[in-house]
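Sequential numbering from 11 applies to the sequence shown in my numbering. This report refers to the structure that appears directly beneath it.
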Amino acid sequence: MQFVSKKLANLDFNYLSKVKTTFFISLILIVISIYSLSTQWLNLGLDFTGGITVELQATQNVDTETIRNTLAEKGFPDNQVVHYGTESTIQIKIPPTLNQESDVSTELQHALADSGYQFTFLGQSLVGAQFGQELVDKGLYALIIALAGIMLYVSIRFQWKLALGAVAALAHDLLITLGFFSLTQIEFNLTVLAALLAVLGYSVNDTVVVFDRIRENFRLMHQENEFNITNQSINQTMPRTLITSTTTLLSVAALAIFGGPILFGFSLALIVGILIGTYSSIFVASALAMQLKLSKDDLTPKAPEDIDDLP
């Protein structure tokens, strides 16, 4: 790993010279994402659309995959099955397709008769569509508040031009990740929403590392112009960016492969978000700040006025 880090540290790639190409790629991805979101939106899970939740207790440990397949064969294709507290207790979520909650319990027990398990009914609840819409609204509010908080933080720590670049890069990451879920129609549930919020934090951390190096170099490299300093700053932080992203992606990929269908959407959102976030922290955030005419004066502390110069 140290050898790779040294090799990356010796790179001298002109990232800002690729601005037109990378902006064009981002524009294409954003247009595709907006088109998909406007035409088919997201495949919202039961957390957002509402549904019926049933808890069952078995006499032995339950294989949730077996239960999912059994329910799908018996006419409940859109089911979610998770362990609920213990390995022998499960929670089943299904869309509100039946009018009476009592019918749901009866239908499920009939459907699971051939599953190889003996279940005791523990309880059930109905999550209405109105509650689901409230979750959608609160999720959007959480994302907006997160973006506003990040912009305020970067503005205070650095400068407003960098803050705009950071927030634009985060909005870019968020929109493209949502577009991916819209295009693939992979279920969008609360775990995916949590992953999106995690991606925002991960992406801004990458961006702040680059910005911190830009600020430091602006104050040290007096003979270089802003364009060259920014390029050197990105090159200097590249080992950290790529190594951190790669190790994180390996962990999340393992979660996607071995975590089962319940964690698949969460893992996939993290994978897509980290890939796009790494790209944007390198090619989007700093480039946007340069387009806003970021200068050394913006990041150089103002010298205090001499007392003799005061009126």
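Heads up, the beta-carbon is just placed ideally off N, CA and C, and yes, glycines get one too.
CB of residue i within 8 Å of CB of residue j, strictly
{"i": "V294", "j": "S36", "result": "yes"}
{"i": "A299", "j": "L132", "result": "no"}
{"i": "S165", "j": "G287", "result": "no"}
{"i": "A178", "j": "I160", "result": "no"}
{"i": "S277", "j": "G283", "result": "no"}
{"i": "I292", "j": "I239", "result": "no"}
{"i": "I186", "j": "L39", "result": "yes"}
{"i": "V209", "j": "A279", "result": "yes"}
{"i": "F198", "j": "L66", "result": "no"}
{"i": "S192", "j": "S27", "result": "no"}
{"i": "V114", "j": "Q101", "result": "no"}
{"i": "F168", "j": "R225", "result": "yes"}
{"i": "Q128", "j": "V64", "result": "no"}
{"i": "E236", "j": "S290", "result": "no"}
{"i": "L252", "j": "I281", "result": "no"}
Extent of the continuous beta strand (DSSP E) to which residue i belongs
{"i": "T96", "result": "T96 to I104"}
{"i": "T63", "result": "G61 to A68"}
Top-ranked residue by Cα proximity to residue i, from the options
{"i": "Q70", "options": "T99, I104 and R250", "result": "T99"}
{"i": "V219", "options": "H93, G55, S296 and N199", "result": "S296"}
{"i": "T201", "options": "F274, L260 and N241", "result": "F274"}
{"i": "Y151", "options": "N227, F198 and L207", "result": "L207"}
{"i": "N79", "options": "D124, A279 and L210", "result": "D124"}
{"i": "D88", "options": "G55, I155 and L26", "result": "G55"}
{"i": "K148", "options": "F228, T258, L81 and F58", "result": "F58"}
{"i": "I62", "options": "V72, P105, L252 and I77", "result": "P105"}
{"i": "V72", "options": "G85, T254 and L122", "result": "L122"}
{"i": "E117", "options": "Q128, G211, F168 and F86", "result": "F86"}
{"i": "D216", "options": "L180, S305 and V146", "result": "L180"}
{"i": "I77", "options": "D22, T96, Q119 and V41", "result": "Q119"}
{"i": "L174", "options": "F221, V146 and T96", "result": "F221"}
Inter-residue spacing [alpha-carbon to alpha-carbon] between residue i and residue j
{"i": "Q233", "j": "T31", "result": "29 Å"}
{"i": "A263", "j": "G126", "result": "32 Å"}
{"i": "N24", "j": "R250", "result": "18 Å"}
{"i": "Q50", "j": "L153", "result": "21 Å"}
{"i": "H182", "j": "G189", "result": "10 Å"}
{"i": "L203", "j": "K103", "result": "18 Å"}
{"i": "L302", "j": "E144", "result": "38 Å"}
{"i": "L162", "j": "Y94", "result": "40 Å"}
{"i": "N109", "j": "F34", "result": "Model confidence at N109 stands at a pLDDT of 49, short of 50, so the residue's coordinates are unreliable and nothing is read from them."}
{"i": "G60", "j": "T247", "result": "45 Å"}
{"i": "T256", "j": "Q90", "result": "31 Å"}
{"i": "E75", "j": "A68", "result": "15 Å"}
{"i": "S48", "j": "L157", "result": "22 Å"}
{"i": "I155", "j": "W170", "result": "18 Å"}
{"i": "N241", "j": "R223", "result": "11 Å"}
{"i": "L285", "j": "L136", "result": "38 Å"}
{"i": "D22", "j": "P271", "result": "42 Å"}
{"i": "T130", "j": "A82", "result": "20 Å"}
{"i": "L184", "j": "G211", "result": "11 Å"}
{"i": "V41", "j": "T194", "result": "16 Å"}
{"i": "M231", "j": "S261", "result": "38 Å"}
{"i": "E111", "j": "T96", "result": "Residue confidence is low: E111 scores 48 on pLDDT, short of 50, so the model does not pin down where it sits. No coordinate-derived value is stated."}
{"i": "V29", "j": "K84", "result": "54 Å"}
{"i": "T254", "j": "N227", "result": "22 Å"}
{"i": "A205", "j": "V146", "result": "15 Å"}
N- and C-terminal bounds of the alpha helix (DSSP H) containing residue i
{"i": "I202", "result": "The question names Ile, but residue 202 in the sequence shown is Val. Element bounds for V202: L200 to L230."}
{"i": "T187", "result": "W170 to T194"}
{"i": "Q128", "result": "Here Q128 belongs to no alpha helix (DSSP H), and DSSP marks it neither H nor E."}
{"i": "L278", "result": "P271 to F293"}
{"i": "V262", "result": "E236 to F268"}
{"i": "Y45", "result": "V29 to Q50"}
{"i": "L81", "result": "T74 to E83"}
Distance cut-off 7 Å: residue i Cβ against heavy atoms of the ligand SAH
{"i": "A297", "result": "Of ligands this structure carries none, so the ligand SAH is not represented either."}
Proximity test, Cβ basis, 8 Å: residue i and chain B
{"i": "T201", "result": "In summary, chain B is missing from the structure at hand, where a single protein chain is found."}
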